[in-house]
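*Asks:* Attaching a single structure in structure tokens format; questions to follow.
In the working numbering, the protein residues as written are 79 to 244.
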């Protein structure tokens with residue numbers, strides 16, 4: 079059994095560590111965290127920690143489709159991507175997860191017309207396929223103009239996020 083775990087259950091300490099390392103240190107403090115009603119999200123220690131960071135905790139039922147619909151769709155896409163990468167190749171799903179996540183984050187979504195990467199960073203990611211072929215962005219890159227456009231996009235990123243949210 080690994081340190082910090084009890085009988086296969088994820089502890090609130092592990093949840094806090096994950097939130098700190100993978101969310102707060104990468105993207106800053108969220109306004110709220112939505113989770114299910116599992117015990118590790120409701121323990122006093124994590125509630126006090128979130129309150130101290132001024133992060134609102136919201137809980138949703140696993141069976142409440144209004145809150146979980148988009149998560150279900152995203153998870154289905156990720157699972158399909160992992161299965162495709164493992165077909166015939168063997169290996170472990172965890173080894174494929176980062177590649178599948180990168181693919182998901184850099185693919186345009188029909189609902190927003192943007193990739194999930196764009197509202198976070200204010201621009202689309204340069205994907206590896208663009209390095210080997212002459213894409214419009216690569217062929218017309220101008221560092222000075224690019225810097226100006228990035229500043230303009232960052233000014234509009236909150237509007238882009240709001241539009242994606244709606």
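Note that beta-carbon positions come from the ideal geometry of N, C-alpha and C, so glycine has one too.
Remember, predicted model here, so these are calculated numbers, not experimental data.
Using beta-carbon positions only, say whether residue 112 and residue 136 come within less than 8 Å of one another.
*Replies:* The count along the chain shown starts at 1 and reaches residue 112 at position 34. The count along the chain shown starts at 1 and reaches residue 136 at position 58. A contact, by the Cβ cut-off of 8 Å.
*Asks:* Please give me, in chain order, every unbroken run of the alpha helix (DSSP H) with length at least 4 that falls completely inside the region 187-244.
*Replies:* 195-199, 207-210, 214-217 and 221-243
*Asks:* Identify which residue in 169, 150 and 177 has its Cα closest to the Cα of residue 159.
*Replies:* Residue numbering aside, residue 159 sits at position 81 when the chain shown is read from its first letter. Out of 169, 150 and 177, 177 has the C-alpha closest to the C-alpha of residue 159.
*Asks:* Closer than 6 Å by C-beta to residue 238: which residues in its own chain qualify, once you throw out the five before and the five after it? Chain order, please.
*Replies:* Reading the chain shown from its first residue, position 160 is the one you call residue 238. Answer for residue 238: 197, listed in chain order.
*Asks:* Are the Cβ atoms of residue 200 and residue 228 separated by less than 8 Å?
*Replies:* If you number the chain shown from 1, residue 200 lands on position 122. If you number the chain shown from 1, residue 228 lands on position 150. Cβ distance < 8 Å, so residue 200 and residue 228 count as in contact.
*Asks:* Using DSSP bridges, identify the partner residues of residue 136.
*Replies:* The residue given as residue 136 occupies position 58 in the chain shown. The partner list for residue 136 (beta bridge, DSSP) reads 112.
*Asks:* Residue 133 and residue 108 look like a contact to me (Cβ under 8 Å); what is the Cβ gap, rounded to whole Å?
*Replies:* Counting from one through the chain shown, the residue named residue 133 turns up at place 55. Counting from one through the chain shown, the residue named residue 108 turns up at place 30. Yes, residue 133 and residue 108 are in contact; Cβ-Cβ is about 6 Å, under 8 Å.
*Asks:* Grab the span of the alpha helix (DSSP H) containing residue 176 for me, first residue to last.
*Replies:* Counting from one through the chain shown, the residue named residue 176 turns up at place 98. Segment 171-183, the alpha helix (DSSP H) holding residue 176.
*Asks:* What are the boundary residues of the alpha helix (DSSP H) that includes residue 67?
*Replies:* Coverage of the chain is limited to positions 79 through 244, which leaves residue 67 absent and any answer about it impossible.
*Asks:* Tell me the rounded alpha-carbon separation between residue 219 and residue 154.
*Replies:* Counted from its first residue, the chain shown places residue 219 at position 141. Counted from its first residue, the chain shown places residue 154 at position 76. Spanning the two alpha carbons is a distance of roughly 36 Å.
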